[in-house]
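Working notes for the structure below.
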Amino acid sequence: MNPTIKNIVLLFACFLPFIVKGQPEDYYLAPAPTGDDSNDCLLSGDPCATLDHIMTLVADNDNIYVEGGVYMGSPIIDHPIKLIDISGKSTFGIVTLNADINFTIGLMEAALVQVNPGGSIQDAVDLCPPSGAGYIEVRTGVYNESVTFNKDLSFTSISAPITIANIEVDNGATLTTDANMTISGNVTLTNGIINTQSTLYLGTGASDIVETSSNYVTGKVTMLTRPVGTGSIDFLGANIANSSNIGNVTISRTTGPSAAVLGIPTSSIAAVWEITATGTPFNTDIQFSWLSDFDNGLNVFNLENASLFRDAGSGWSQLGTLSDASMSNPRTISNVNLDAFGLFTVSVDGTSLPVVLTTFSAKKKSNHILLQWQTASETNHDYFEVQRSSDGENYEALGQVSSAHNSTAINDYEWKDFASTLNGTIYYRLMMMDFDGTHEYSNVITVSNQRDFISLFPNPSSDKISVIASEKIEKMEVYNTTGHRIKVDTQHDEIDISKIAPGIYMLKVFFASGASQERFIKK
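Per my numbering, the very first residue in the sequence shown carries number 688; after that it's consecutive.
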């Protein structure tokens, strides 16, 4: 072979991988009308209008330069890309993450982020707006990442359970989740609260959660089964000492208003533990601890007469003698010589209680909230004061209901709250006032007064509007200002208004539970 040709061939072979691989490509994105998806997107002067379109062009590690503005569509990001801000904040409607991305936090937001395996939950958190209006939906899978939730948001799993390595809640955030979620490592509450409406599972290698009066978990948390044998274990406020061979142990703890148990003898604290084991305890010592946040209205005087209660399968019964649980936070109460596991909670001695409350419930009616309660006995009791709260901490008095004063018979009472305009979870409790001026509080109960939520994006718009709703949309209808229905193309989460005249319209969204409506402007 000619030496010159040979050298050329060798040189080409050396540089071929670099030629094939190439450098990251640059793409440009700008809101319409500046952006247009008919452009090639490769020049700043010829940007595309939607991230959806650019995602059909990019490869791994490409750059997308984003001009600030509101973007239509529901982009699916399935390549690891870099989103680079050019000017101002960019807002997207629904974004699906199938890959890890790089972007400027705080300058790019999405109202709803869906995450699939391969995508990053942390990226989803960072894309959520700081206002608390963010929603994250995660598909089943294992996410080997440490996620910091530093803003109020709602978090759910789309399908089956998910597993995350570590989570942290910080910056005073509240993480509200109904996800069936397992944490394999640590749950760290640096500065925040987790409100779980499903079950938060702690894997066999997970650490116990360190909680304080401002950093805690409400709802159900379960420590997955661990071998204990004749050893000891201290988890979720349940401390089981060295004992007989109890085998493998599972501990669950449920906290919050719905956890309180009525009728033992009046109401328990807002915490219940469930302990199951493959072995049987024998003369086993056990101690329970809980934050004063979960006292559930049991004041210091009552907690000087606290007792542990257990339901081992045949109903609640008192264990051991009375204890003083009032002098510490977390509160603690102990029992020795335990012979069976089951459900556990704490209440107070009922012999001196002026009112024995057996039931207390709240039901949402068409135009009011109906409160109903029942007493088994009343001694020197003056009246009930009905109290309401929007946050479970600050209560207002709604009115008084006269009592039977002195009675050993069953008495039923009710109160109708017509004035409640609160949206979301409403908390109620009873203050039971005696003739001598002393009083007790009932357990706290809750009722959901959640209004169907819809958000339109963008609004105003000239062509399409994305609809984000609090539940599954059944159908959508558009009406003009005179009340006439206007024909538009609708999908499950989008309406096409490009063919209707500019003006003000009303979108009515129908759900299985009812309907909600929102006004929009066609530009």
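Note that the Cβ used here is the ideal one computed from N, Cα and C, for glycine as well. Computed from a predicted model, the values in this text were never measured in an experiment.
Is the beta carbon of Arg997 closer than 8 Å to that of Phe969? Start at 1 with the first residue of the sequence shown, and residue 969 comes out as number 282. Start at 1 with the first residue of the sequence shown, and residue 997 comes out as number 310. Not closer than 8 Å, so no.
Range of the contiguous alpha helix (DSSP H) that encloses Leu738: As a first step, residue 738 must be located in the sequence shown, where it is residue number 51. Per DSSP, Leu738 belongs to the alpha helix (DSSP H) from Leu738 to Ile741.
Just how far apart, CA to CA, sit Gln910 and Ser994? As a working mapping, residue 910 is identified with position 223 in the sequence shown. As a working mapping, residue 994 is identified with position 307 in the sequence shown. Checking the sequence shown, residue 910 turns out to be Met, not Gln. So the alpha carbons of these two residues sit roughly 25 Å apart.
Chain-order list of residues whose beta-carbon lies under 6 Å from that of Gln1059 (same chain, five-residue window excluded): The sequence position of residue 1059 within the sequence shown is 372, counting from 1. So the qualifying residues of the chain are Ser1048 and Glu1101.
Ignore the nearest five residues each way along the sequence and tell me which others in Glu1161's own chain have a CB closer than 8 Å to its CB. Here residue 1161 refers to the residue found at position 474 of the sequence shown. Cβ within range, chain order: Phe1197, Phe1198 and Ala1199.
Is Gln1005 helix, strand or coil by DSSP? Here residue 1005 refers to the residue found at position 318 when the sequence shown is read from its first residue. Strand at Gln1005.
Tell me which residues share the same chain as Ser976 and place their Cβ nearer than 7 Å to its Cβ, disregarding the 5 neighbours each side in the sequence. For this step, residue 976 is matched to residue 289 along the sequence shown. Around Ser976: Gly924, Pro1017, Arg1018 and Thr1019.
Contacts around Ser1149, its chain only, beta-carbon distance under 6 Å, and the 5 residues preceding and following it disregarded: Within the sequence shown, numbered from 1, the residue matching residue 1149 stands at position 462. Excluding residues within five positions, the ones whose Cβ falls inside 6 Å are Lys1210.
Buried or exposed: Arg1172, going by 16 or more other Cβ atoms within 10 Å of its Cβ? The residue you call residue 1172 lines up with position 485 of the sequence shown. It is exposed - the Cβ of Arg1172 has fewer than 16 other Cβ atoms within 10 Å.
Are the stretch 834 to 847 and the stretch 801 to 812 touching, with three or more C-beta to C-beta distances below 8 Å? yes
Considering only the beta carbon of each residue, do Ala1068 and Ser1090 sit closer than 8 Å? Residue mapping note: residue 1068 aligns to position 381 of the sequence shown, counting from 1. Residue mapping note: residue 1090 aligns to position 403 of the sequence shown, counting from 1. The question names Ala, but residue 1068 in the sequence shown is His. Yes, they are a contact pair.
Taking C-alpha atoms, which residue in Thr883, Asp1099 and Ile973 lies nearest to Ile927? For the purposes of this step, residue 927 is identified with residue 240 of the sequence shown, where counting begins at 1. Closest option to Ile927, Cα to Cα, is Ile973.
Please classify Asp980 as buried or exposed, where buried requires at least 16 neighbouring CB atoms within 10 angstroms. On the sequence shown, residue 980 is found 293 positions in, with the first residue counted as 1. Flag for Asp980 reads buried.
Measure the CB-CB distance between Asn853 and Gly879 and report whether it falls below 8 Å. As a first step, residue 853 is located in the sequence shown; it is residue number 166 there, counting from the start. As a first step, residue 879 is located in the sequence shown; it is residue number 192 there, counting from the start. No.
Can you tell me where the beta strand (DSSP E) holding Val825 begins and where it ends? Along the sequence shown, read from residue 1 onward, the residue named residue 825 stands at position 138. Gly821 to Val825 is the extent of the beta strand (DSSP E) around Val825.
Rounded to the nearest angstrom, how far is the Cβ of Ile1187 from that of Arg1206, given a contact under 8 Å? Translated into positions along the sequence shown, residue 1187 becomes position 500. Translated into positions along the sequence shown, residue 1206 becomes position 519. With a Cβ gap of about 14 Å, Ile1187 and Arg1206 do not count as contacting.
Would Ala957 be called buried (16 or more neighbouring beta carbons within 10 Å of its own) or exposed? In the sequence shown, residue 957 corresponds to position 270, counting from 1. That one is buried.
Straight-line Cα distance separating Asn992 from Gly1086: Here residue 1086 is taken as the residue at index 399 of the sequence shown, counted from 1. Here residue 992 is taken as the residue at index 305 of the sequence shown, counted from 1. Roughly 30 Å between the two C-alpha positions.
One question on the structure: do Ala736 and His766 come within less than 8 Å of each other, judged by their Cβ atoms? Here residue 736 refers to the residue found at position 49 of the sequence shown. Here residue 766 refers to the residue found at position 79 of the sequence shown. No, these two residues do not count as a Cβ contact at 8 Å.
Should Tyr822 and Thr850 be called a contact, given that it needs their Cβ atoms to be closer than 8 Å? The count along the sequence shown starts at 1 and reaches residue 822 at position 135. The count along the sequence shown starts at 1 and reaches residue 850 at position 163. No. Outside cutoff.
If the criterion is Cβ atoms closer than 8 Å, does the pair Ile781 and Ala797 meet it? Here residue 781 corresponds to residue number 94 of the sequence shown, with the count starting at 1. Here residue 797 corresponds to residue number 110 of the sequence shown, with the count starting at 1. Going by C-beta atoms, Ile781 is nearer than 8 Å to Ala797.
Can you tell me whether Val1175 is helix, strand or coil according to DSSP? In the sequence shown, counting from the first residue as 1, residue 1175 sits at position 488. Coil, per DSSP.
Who are the near neighbours of Thr1046 in its chain, counting only those whose CB is closer than 7 Å to its CB and skipping five residues on each side? As a position in the sequence shown, residue 1046 is number 359, starting the count at 1. Leu949, Trp1060 and Gln1061, listed in sequence order.
Contact check, Lys1052 vs Asn1136, beta carbons under 8 Å: Position 365 of the sequence shown, counted from the first residue, corresponds to residue 1052. Position 449 of the sequence shown, counted from the first residue, corresponds to residue 1136. It is not a contact, given that the beta carbons lie outside the stated cut-off.
Cutoff 6 Å; reference Ser1076; Cβ partners in own chain excluding five residues on either side: For the purposes of this step, residue 1076 is identified with residue 389 of the sequence shown, where counting begins at 1. Contacts found: Tyr1082 and Tyr1114.
Please report the straight-line C-alpha distance between Thr965 and Phe1028, rounded to a whole angstrom. Locating residue 965 in the sequence shown gives position 278, where the first residue counts as 1. Locating residue 1028 in the sequence shown gives position 341, where the first residue counts as 1. One C-alpha to the other measures close to 10 Å.
Give the range of the alpha helix (DSSP H) segment to which Leu1109 is assigned. Your numbering for residue 1109 matches position 422 in the sequence shown. Careful: Leu1109 lies outside any alpha helix (DSSP H) and carries neither H nor E.
Whole-angstrom distance between Val834 and Ser939, CA atom to CA atom: For the purposes of this step, residue 939 is taken as the residue at position 252 of the sequence shown. For the purposes of this step, residue 834 is taken as the residue at position 147 of the sequence shown. Looking at the two C-alpha atoms, the distance is approximately 24 Å.
In chain order, each beta strand (DSSP E) run of at least 3 residues that lies wholly inside the stretch 893 to 922: 904 to 914 and 920 to 922
Which of helix, strand or coil DSSP assigns to Leu887: The count along the sequence shown starts at 1 and reaches residue 887 at position 200. DSSP places Leu887 in strand when its eight states are reduced to three.
Inspect the beta-carbon positions of Ala860 and Ser885 and report whether they are closer than 8 Å. Position 173 of the sequence shown, counting from 1, holds the residue named residue 860. Position 198 of the sequence shown, counting from 1, holds the residue named residue 885. No.
Could you tell me how far apart the beta carbons of Tyr1128 and Leu1117 are, in whole angstroms, since I believe they sit closer than 8 Å? Indexing the sequence shown from 1 puts residue 1128 at position 441. Indexing the sequence shown from 1 puts residue 1117 at position 430. 7 Å between Cβ atoms; contact.
Would Val936 be called buried (16 or more neighbouring beta carbons within 10 Å of its own) or exposed? Reading the sequence shown from its first residue, position 249 is the one you call residue 936. That one is buried.
To the nearest angstrom, report how far apart Ala719 and Leu794 are at their CA atoms. In the sequence shown, the residue the question calls residue 719 occupies position 32. In the sequence shown, the residue the question calls residue 794 occupies position 107. Answer to the nearest angstrom: the Cα atoms are 19 Å apart.
To which residues does DSSP link Lys1051 through a beta bridge? In the sequence shown, counting from the first residue as 1, residue 1051 sits at position 364. Per DSSP, Ile1056.
Taking the continuous alpha helix (DSSP H) assigned at Val1131, which residues delimit it? On the sequence shown, position 444 is the one that residue 1131 refers to. Careful: Val1131 lies outside any alpha helix (DSSP H) and carries neither H nor E.
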